[in-house]
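What follows is a short report on a single structure.
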Amino acid sequence: MHKPIRLVHFADVHVGMENYGRLDTDSGTSTRVRDFLDRIDEVIQYACDNDADIAVFAGDAFKTRDPNPTYQREFAIRMKKLADKMPLLLLVGNHDVPGMASRASSVDIFDALNVPNVTVGDGSGGKVIETTNGPLFLGWLAYPMRNRLLVKDEYKDKSVHDLDMALLNKVGDIIGDLSDQAKRYDTIPRVFCTHLSVSEAKLGSERSVMLGKDITIDKSLFDQDVWDYIALGHIHKHQDVNKGSYPAVVYSGSLERIDFGEEKEPKGFCWVELQRSSTSWEFVSVNARPFLTIRVDVRGDSDPTESILKKIASKDISGVVVRLVLQIKTHDLQKIKDKEIANALSDAHSYSIVKDVDHEARTRIGGVAAETLSSEELLERYFIDKGYDSDTIKLLMNIANDIILADQD
Numbered sequence: 312m313h314k315p316i317r318l319v320h321f322a323d324v325h326v327g328m329e330n331y332g333r334l335d336t337d338s339g340t341s342t343r344v345r346d347f348l349d350r351i352d353e354v355i356q357y358a359c360d361n362d363a364d365i366a367v368f369a370g371d372a373f374k375t376r377d378p379n380p381t382y383q384r385e386f387a388i389r390m391k392k393l394a395d396k397m398p399l400l401l402l403v404g405n406h407d408v409p410g411m412a413s414r415a416s417s418v419d420i421f422d423a424l425n426v427p428n429v430t431v432g433d434g435s436g437g438k439v440i441e442t443t444n445g446p447l448f449l450g451w452l453a454y455p456m457r458n459r460l461l462v463k464d465e466y467k468d469k470s471v472h473d474l475d476m477a478l479l480n481k482v483g484d485i486i487g488d489l490s491d492q493a494k495r496y497d498t499i500p501r502v503f504c505t506h507l508s509v510s511e512a513k514l515g516s517e518r519s520v521m522l523g524k525d526i527t528i529d530k531s532l533f534d535q536d537v538w539d540y541i542a543l544g545h546i547h548k549h550q551d552v553n554k555g556s557y558p559a560v561v562y563s564g565s566l567e568r569i570d571f572g573e574e575k576e577p578k579g580f581c582w583v584e585l586q587r588s589s590t591s592w593e594f595v596s597v598n599a600r601p602f603l604t605i606r607v608d609v610r611g612d613s614d615p616t617e618s619i620l621k622k623i624a625s626k627d628i629s630g631v632v633v634r635l636v637l638q639i640k641t642h643d644l645q646k647i648k649d650k651e652i653a654n655a656l657s658d659a660h661s662y663s664i665v666k667d668v669d670h671e672a673r674t675r676i677g678g679v680a681a682e683t684l685s686s687e688e689l690l691e692r693y694f695i696d697k698g699y700d701s702d703t704i705k706l707l708m709n710i711a712n713d714i715i716l717a718d719q720d
């Protein structure tokens, strides 16, 4: 029996993400950028220590489509280190591909320089790749962009819905063609890598950094008789959307937390042992920076600051990104000693304080009885009460009206 081909699958590294960071004086970049780079280093170290045969990066190398040269350099150093040891696929994600079809993606430089052992997955394609433990067939599909896949005159003047359907059909045809191509290699493992949304996937914080309008494909497109492993990128929450069935259809997830929506989610990559029709895999956690929400209810507390300090002291916040949420009444705000709280949080990597103020209940709003107002009017007055400017209120009301109309449909 042949030894399995060992594959490392990772995605969504988003180099350049600076949320909750501060300046790292040694590198001149954000400490959060350093976090993301350190997580890539963990993947590389694991792959090298465990003699990986191939690495598959499933897209979204950077936060933006136009990363600065420092970020490009740091990413390139790490990918070159991987490629020196094993074949590497760099798939183009939605954060890597420019809006204009004529412009290069942020990872095209690897192709232009003809870096040995690197395949840039731009567009779609498939080929047999030789590894130290034998060959495999690798197919790929980069993030599907309308302005690249729907370029014929027949798509002009089409509605958004019609374009979505046309794009879905096009993606289905591409995956079908690659499946037919893979079927020619029946005796070797077959892997497909893509960067998009698959039905039944649970979304993560990628919504907060999304570039472009998404389509969702059905997981049934991945024929169980063809592929041995589906390596996905795009959604930050690690999951197998085909759990209990073959092949595994896996989002490795992002390597670092983007925001507090990912506070309790494990972060890491996938280690895959490929064999034709009997592939196995496991999730490997990395040391992603912890996020912690501390909630303190001090409504009616005679000494709210003391209660807050005690709650903070009960938590290990060293090096942690902390969100302190205070439930407090309006008349108790003056009792809060902000400087003492800031000192108590000084060991955190960074922190934010959210004051959830419990206003006194009012039966009249601006002199008008609440029961005489429509839902939309109540919502607008709520935004006014929160102190939002008129432009923001207009934007929020438009979004709310769209939701209300969609619900009525």
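In our numbering, the protein residues as written are 312 to 720. Ideal Cβ placement from N, Cα and C applies to all residues, glycine included.
Annotation for L393: the continuous alpha helix (DSSP H) segment containing it runs P380 to A394. Contact between V418 and R376 is ruled out by a C-beta separation of about 11 Å, above the 8 Å threshold. The way I'd put it, the region 568-576 doesn't touch the region 532-545; fewer than three beta-carbon pairs between them come closer than 8 Å. For the pair of segments examined, the region 599-606 was found not to touch the region 381-392: the number of CB pairs separated by less than 8 Å stays below three.
By the CB criterion at 9 Å, Y454 and F503 fall outside the cutoff.
Distance check between L689 and each of S701, D702, M708 and T703 places M708 closest, using alpha-carbon atoms only. Of the residues T340, H320 and I710, the one whose Cα lies closest to the Cα of G327 is T340. Under the DSSP assignment, R501 falls in the beta strand (DSSP E) whose first and last residues are R501 to H506. Straight-line spacing of the CA atoms in L489 and G555 works out to 24 Å. According to the DSSP assignment, Y693 belongs to no beta strand (DSSP E) but to the alpha helix (DSSP H) extending over S686 to D696. Assignment of alpha helix (DSSP H) within the region 594-645, counting only whole runs of 4 or more residues, yields 615-624 in chain order. A straight-line Cα-Cα distance of about 26 Å links D669 and I710.
A Cβ-Cβ separation of about 6 Å places R317 in contact with E584 under the 8 Å criterion. Runs of the beta strand (DSSP E) lying entirely within the region 515-576 and spanning at least 3 residues, in chain order: 540-544 and 559-562. Shown here for K648: same chain residues with a beta carbon closer than 6 Å to its own, the five before and five after excluded, namely T616 in chain order.
The beta-bridge partner set that DSSP reports for P446 consists of E441. According to the DSSP assignment, F580 belongs to the beta strand (DSSP E) that extends over G579 to L585. Separation of S563 and S508 (C-alpha to C-alpha, rounded to the nearest whole angstrom) is 13 Å. Going by C-alpha positions, L644 is about 35 Å away from V344.
Contact check between the region 392-408 and the region 357-372: three or more CB pairs, one atom from each, fall below 8 Å, which counts as touching.
Beyond the five residues adjoining it in sequence on each side, T430 comes within less than 6 Å, by CB distance, of L400 in the same chain, given in chain order.
Under the 10 Å beta carbon count, N425 is surrounded by fewer than 16 other beta carbons and is classified as exposed. Under DSSP, L474 takes part in no beta bridge, so it has no partner. The DSSP-derived three-state label of K314 is coil. Under the criterion of beta carbons closer than 8 Å, H320 and A369 qualify as touching, at roughly 7 Å. The beta carbon of E353 is closer than 7 Å to those of V597 and N598 in its chain, skipping five residues each way along the sequence.
A straight-line Cα-Cα distance of about 51 Å links L543 and D614. In the structure shown, V403 falls within a coil segment according to DSSP collapsed to helix, strand and coil.
Secondary-structure assignment with DSSP links I485 through no beta bridge to anything. Residue state for L479 is assigned as helix, using DSSP reduced to three classes. For Y662, the enclosing beta strand (DSSP E) covers residues S661 to D669. Taking C-beta separations shorter than 6 Å and ignoring five residues to either side along the sequence, the partners of Y496 in its chain run F448, following chain order. At the C-beta level, G434 and D323 stay beyond 9 Å of one another. Selection N330, K705, H545 and T590 evaluated against D536 yields T590 as nearest (Cα-Cα).
By the 16-neighbour rule on beta-carbons within 10 angstroms, P378 is buried. Nearest in C-alpha terms to K548, of all of S629, Y699, L656 and E576, is E576.
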